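A short write-up of the structure that comes next.
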Amino acid sequence: MKLLIFLVLVGFTTAAVYKHSLKWRESTRSRLIKSGKWPTYLKQKESFRSVKTHGKFSSLKTVGQKVYDYDDAEYISMITIGTPEQSFHVAFDTASANLWVPDSNCSNECPDDCTPPHFCFSSCEKTCCRGFDGTCESKYKFSSNNSSTYMKIGQKWGIEHYTGSVSGFFGQDTVRFGDVGADELVIPKTVFGQATYLDEKLAYYHQFDGILGLAFTSIAINYVIPPLISANNQGLLDKPIFTVYLEGHRGQDNVPGGMVTYGGLDTENCGDVIAYEKLTLATYFQFKMDAIELGSYSASQGWDAISDTSSATISGPQTIVETLATAVGATYDGQYDAYFIDCNVTFSEISITIGGRKYSIDSKQFILDYGSICEFAFSSMNFGGFGPAWSLGVPWIRQYCNIYSFEKQIGFAPTKN
Numbered sequence: 531m532k533l534l535i536f537l538v539l540v541g542f543t544t545a546a547v548y549k550h551s552l553k554w555r556e557s558t559r560s561r562l563i564k565s566g567k568w569p570t571y572l573k574q575k576e577s578f579r580s581v582k583t584h585g586k587f588s589s590l591k592t593v594g595q596k597v598y599d600y601d602d603a604e605y606i607s608m609i610t611i612g613t614p615e616q617s618f619h620v621a622f623d624t625a626s627a628n629l630w631v632p633d634s635n636c637s638n639e640c641p642d643d644c645t646p647p648h649f650c651f652s653s654c655e656k657t658c659c660r661g662f663d664g665t666c667e668s669k670y671k672f673s674s675n676n677s678s679t680y681m682k683i684g685q686k687w688g689i690e691h692y693t694g695s696v697s698g699f700f701g702q703d704t705v706r707f708g709d710v711g712a713d714e715l716v717i718p719k720t721v722f723g724q725a726t727y728l729d730e731k732l733a734y735y736h737q738f739d740g741i742l743g744l745a746f747t748s749i750a751i752n753y754v755i756p757p758l759i760s761a762n763n764q765g766l767l768d769k770p771i772f773t774v775y776l777e778g779h780r781g782q783d784n785v786p787g788g789m790v791t792y793g794g795l796d797t798e799n800c801g802d803v804i805a806y807e808k809l810t811l812a813t814y815f816q817f818k819m820d821a822i823e824l825g826s827y828s829a830s831q832g833w834d835a836i837s838d839t840s841s842a843t844i845s846g847p848q849t850i851v852e853t854l855a856t857a858v859g860a861t862y863d864g865q866y867d868a869y870f871i872d873c874n875v876t877f878s879e880i881s882i883t884i885g886g887r888k889y890s891i892d893s894k895q896f897i898l899d900y901g902s903i904c905e906f907a908f909s910s911m912n913f914g915g916f917g918p919a920w921s922l923g924v925p926w927i928r929q930y931c932n933i934y935s936f937e938k939q940i941g942f943a944p945t946k947n
């Protein structure tokens, strides 16, 4: 009996709540729109989408067919890996499920099919064709030789991005969420990806080292258990949840961007929980969305939606997005694949109905200000009928804290700021 009581007490002392600050960094998309280079970059992305994977990527196993796009990613978190700790800036993503960072051996090793010059220049990265080296030099890289807690797994992995591919092998080590010396969430024996190939655009354009995926194991590459689910399985979290609060950036770069609370609610930045909704699928954090309204316009077909911290917009069916854009006076620009809007325009709140409850979002959340021009923060999305119809990104999460539960539900609470 004494032993049982001791074990129960130990269980309670190891489970806790951790707060993890986020930084707001200007996204690749925002920087390229400001500089006028986005149309050229967009053409390169479209070209990549039309080319089938070749060489070493063709045999890599992937689970879940979403192709990830981090050009919108703005919210960056600090993590460390290994003993002693090695620090990395990672994009915080609730719509993917793997953690990966560049490995110390990361280079521009290219697919074998890129060797013939006539094929290389039409279908491969220029670093593969011109003998360039060091595409990972701008990133922090993980050195397994410098970690006493590291164990190599060696299984290969690869992920397609709209801007290129990344691949490598898996290793296992201690991962910590938070800055060195802070109150860190320490997760022993975490399996993570060590990227040995990182294509040029991923390396040079994005202001982060890797990706921290927080969705479910079912969409993880090779079904690797995601770090936070591993933490929950090890009894490290007080509750099987994490709460995300996102701040506005007020036109400044590299500034505080919000807070993630692991294992509990964020009572400092978030109000009372309005409701919890059951997930329709434990892949992404996917749930039923009933309707969307703006003024006298309403669409209420009912769809699946996901909550996505790595998207700067709300994405949905093209016909509905076009109607909303027209209603607020936004004009579509095909070169930029964006709806531009008068920076000083005012319009009524946009409401989203979930679980029979109406959630209103202030119009200011939908104006992305690039200085001389502004964008209406809606975009079209097409999963081909095999996935969610809506992706509720930053405009939604800035208005309502999202509480992600590994018990297959999601909650919403108004932000206090």
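Read left to right, the sequence shown gives residues 531 to 947 (the working numbering).
Don't be surprised by glycine CBs; every beta carbon is placed ideally from N, CA and C.
This structure is a prediction, so every number in the text was calculated from the model and none was measured.
Give the secondary structure of Q702 by DSSP, where H, G and I count as helix, E and B as strand, and everything else as coil.
strand
Please go through the same chain and pick out, in chain order, the residues whose beta-carbon is closer than 7 angstroms to the beta-carbon of T544, but skip the five residues on each side of it.
G765 and L766
Are there three or more Cβ pairs, one per stretch, closer than 8 angstroms when the region 911-926 is compared with the region 832-847?
Here the region 911-926 makes contact with the region 832-847; the two share three or more CB pairs at distances below 8 angstroms.
Specify, as a first and last residue, the run of the beta strand (DSSP E) that N635 falls within.
Annotation: the continuous beta strand (DSSP E) that includes N635 extends over L629 to S637.
Are the beta-carbon atoms of A745 and F815 separated by less than 8 angstroms?
yes
Going by beta carbon distance, what residues of the same chain come within less than 8 angstroms of P569, once the five residues before and after it are set aside?
Q865 and Y866
Within a Cβ cutoff of 8 angstroms, which residues of the same chain sit near V785, ignoring the five residues on either side of it in sequence?
K553, W554 and H779
May I ask which residues mark the beginning and end of the beta strand (DSSP E) holding N932?
Taken as a continuous stretch (DSSP letters only), the beta strand (DSSP E) holding N932 covers Y930 to S935.
Quick one: grab the DSSP three-state call for E730.
helix
State the Cα-Cα distance for the pair E615 and S695, rounded to the nearest angstrom.
27 angstroms
Where does P944 fall in DSSP's three states?
Strand at P944.
Could you give the first and the last residue of the continuous alpha helix (DSSP H) run that contains S878?
No alpha helix (DSSP H) contains S878, which DSSP labels as neither H nor E.
Using only the alpha-carbon positions, how far apart do K586 and D820 sit?
Because the pLDDT at K586 is just 30, under 50, the model does not fix this residue reliably, and the point stays unresolved.
Determine the DSSP secondary structure at S921, reduced to helix, strand or coil.
strand
In chain order, what are the residue ranges of uninterrupted alpha helix (DSSP H) at least 4 long that sit wholly in the region 818-901?
848-858
Just verifying my parser: in three-state terms, what is the DSSP assignment at P757?
Reduced to three states, the DSSP call for P757 is helix.
Per DSSP, cross-strand counterpart(s) of V774
Bridge partners of V774: V790 and N932.
Using the Cβ count rule (16 or more neighbours within 10 Å means buried), how would you classify R928?
buried
Can you say whether Y753 is buried or exposed, counting buried as having 16 or more other CB atoms within 10 angstroms of its CB?
exposed
Contact defined as beta carbons within less than 8 angstroms: I believe I609 pairs with F707. What is the distance between those atoms, to the nearest angstrom?
Taking the Cβ atoms as the reference, I609 lies roughly 6 angstroms from F707, within the contact range of under 8 angstroms.
Bridge-paired residues (DSSP) for V785
W554
Helix, strand or coil, according to DSSP, for Y571 in the structure here?
helix
Contact under 8 angstroms by Cβ, L736 with Y889
As written in the sequence, residue 736 is His, which differs from the Leu given in the question. Judged by beta-carbon spacing, Y889 lies beyond the 8 angstroms limit of H736, meaning their Cβ atoms are not closer than that value.
In angstroms, rounded to a whole number, what distance separates the CA positions of S637 and Y792?
34 angstroms
Let me check understanding here. Comparing Cα to Cα, which of S668, I759 and T747 lies closest to V705?
I759
For the candidate residues T679, D729 and W687, whose alpha-carbon lies nearest to that of T613?
T679
Is the separation between the beta-carbon of P770 and that of F942 shorter than 8 angstroms?
no
Reducing DSSP to helix, strand and coil, say where K938 ends up.
coil
Excluding the five sequence neighbours on either side, which residues of its own chain have a C-beta within less than 8 angstroms of the C-beta of D713, listed in chain order?
Y548 and K549
Per DSSP, cross-strand counterpart(s) of A725:
P632 and G698
Express the C-alpha separation of Q702 and T720 in angstroms, rounding to a whole number.
5 angstroms
Do the CB positions of F908 and A855 come within less than 8 angstroms of each other?
yes
Using a threshold of 8 angstroms, state whether the C-beta atoms of C873 and D899 are closer than that.
Yes.
How far does the alpha helix (DSSP H) with T544 in it reach, from first residue to last?
K532 to T544
Identify, in the order they occur along the chain, each residue of the same chain with its Cβ nearer than 6 angstroms to the Cβ of S830, setting aside the five sequence neighbours on each side.
A821
Unbroken beta strand (DSSP E) run spanning G740, endpoints
G740 to G743
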